[in-house]
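Asker: Those letters in the sequence shown? Residues 1 to 323, per my numbering, in order.
Glycine is no exception: its CB is placed at the ideal position from the N, C-alpha and C atoms.
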Amino acid sequence: MNREQRGNEVLDLLEAMPRRPLDPGKEEDILYTLRHMSTSSERRNGILLAKIVGGILAVGAVFLCLVLLLPVISNTEGISRWFSAATPPLYSGEDAEISPIFDLVDKEGRIVYPDRLIGIKSKIAFTFDQRGFIAKSTDTVSKIFWVVWGDPAELRGASLVAKGTNLDTGETFTVNESKLGGPYYGYDASVVTAFNSFPSKGKWRIDVELNGKLYGTIVVPVKAEYIHTERYRFMISEDDALTGNNETTLIVPGHDQPDTLDVIAQLKDSSGQASRSTFRKTGDFIQSSTLEPVTEYSGTLRFDRPGRWQIELMGEKTSIEVK
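(1) Which residues mark the beginning and the end of the beta strand (DSSP E) in which P293 is found?
(2) Express the C-alpha separation of V263 and Q310 in angstroms, rounding to a whole number.
(3) The beta strand (DSSP E) with E177 in it runs from where to where?
(4) Can you give the beta carbon distance from T193 to N176, rounded, assuming they're within the 8 Å contact cut?
(5) Assuming D106 contacts L117 (C-beta within less than 8 Å), just tell me the rounded distance between them.
(6) Quick check: A162 and V208, are their CB atoms within less than 8 Å of each other?
(7) Going by DSSP, what residues sit across from T243 in a beta bridge?
(8) Have a look at R110 and A135 and give me their C-alpha separation to the nearest angstrom.
(9) When you compare only the Cα positions, how much space is there between R302 and A265?
(10) Below 8 Å on the Cβ atoms is my contact criterion, and I expect L210 with S289 to pass it. Report the Cβ-Cβ distance as a whole number of Å.
(11) For T243, which of G150, D188, E321 and K317 has the nearest alpha-carbon?
(12) Roughly how many angstroms lie between the CA atoms of P324 and E296, to the nearest whole one?
(13) Would you check if there are 3 or more beta carbon pairs closer than 8 Å linking the stretch 210 to 220 to the stretch 113 to 129?
(14) What does the Cβ neighbour count give for L291, buried or exposed, with the cut at 16 atoms within 10 Å?
(15) Let's test the definition: count the other Cβ atoms within 10 Å of the Cβ of Y187 and tell me whether it reaches 16, buried, or not, exposed.
(16) Considering only the alpha carbon of each residue, which of F279, T278 and V294 lies closest to F285?
(17) Using the C-alpha atoms, what's the distance from S270 back to G307?
(18) What residue range is occupied by the uninterrupted alpha helix (DSSP H) comprising A153?
(19) With H, G and I counted as helix, E and B as strand and the rest as coil, what does DSSP make of E108?
(20) Excluding five sequence neighbours on each side, which residues of the same chain lie with their C-beta closer than 7 Å to the C-beta of T282?
Below you can see the structure in the form of structure tokens.
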């Protein structure tokens, strides 16, 4: 083997480091070749030197990384901490606790509305409808009262942005954007507003920012949508449909509707007798969220056992799960 071929072998071995260890024979061969390469041309020496230095730097970088990571990788607990720090924690809806509910009181401490605030007591909270929050419903979020504790001078006029995350699905949306006003009912800041409707059921985490900084986090439950067909809506969530009698309101679009409407309920995939309920008109209204005319009826949905039930009204059908 001539000297040039031996030199090329040296470079190949250096470029392979540290991917494979050198046996003692190869190591001695490299040292011998390096000692006798001084007779090569100046250009060849320059190229060889650059590659040798590059190889040494690569080995040094790997060695430095191993030294830095040695305290971490030397035990499984360290590895766990390392990956935990690098990876954001997953938030499961099952692990999240619903925020506490407490009374809305005035500045003298007298109860104005019992059990109407949800949030962080003495920091930030908002009122909620007694029916709870219903997915895709505007009526349960149409009037929300934020109350905030803190420095009134800093809170007044602050920009409030509330962002929601469904802890069961990861879905996100902007719940509300408002400007805080002055004290009310003895709270340091407040504002009356309306939320955007929650797009789906589940546990929702609401992260509230004031002037771009996280001020508090509130977790609320959101029920399934109202029972509905394509055009008609019963003002009861499927989550609240229970075996027995379920008194509810029926909303029908338009005015000049009949005085009564029959609703038929039957256990799905069953030849059993259907249940027929009569709903009676209670009034004509203009729906506040859409300004469209609607007719309101009152009646009872009856389910004699749990299971999948089909509901039929004026030729339209839907099915729900009854507990």
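Answerer: Reading off the structure:
(1) P293 to F303
(2) 10 Å
(3) T172 to K179
(4) 6 Å
(5) The C-beta distance from D106 to L117 rounds to 13 Å, too long to meet the 8 Å contact threshold.
(6) Contact: yes.
(7) Answer by DSSP bridge pairing: none, since T243 is not bridged.
(8) For R110 and A135, the distance between alpha carbons rounds to 33 Å.
(9) 7 Å
(10) In fact, because the Cβ distance is near 28 Å, the residues do not count as touching under 8 Å.
(11) Minimum Cα distance to T243 is reached at E321.
(12) Because the chain in this structure spans residues 1 to 323, residue 324 falls outside the shown range and cannot be described.
(13) yes
(14) exposed
(15) buried
(16) V294
(17) Rounded to the nearest angstrom, the two C-alpha atoms are 11 Å apart.
(18) That run of the alpha helix (DSSP H) goes P152 to L155.
(19) coil
(20) E296, Y297 and S298
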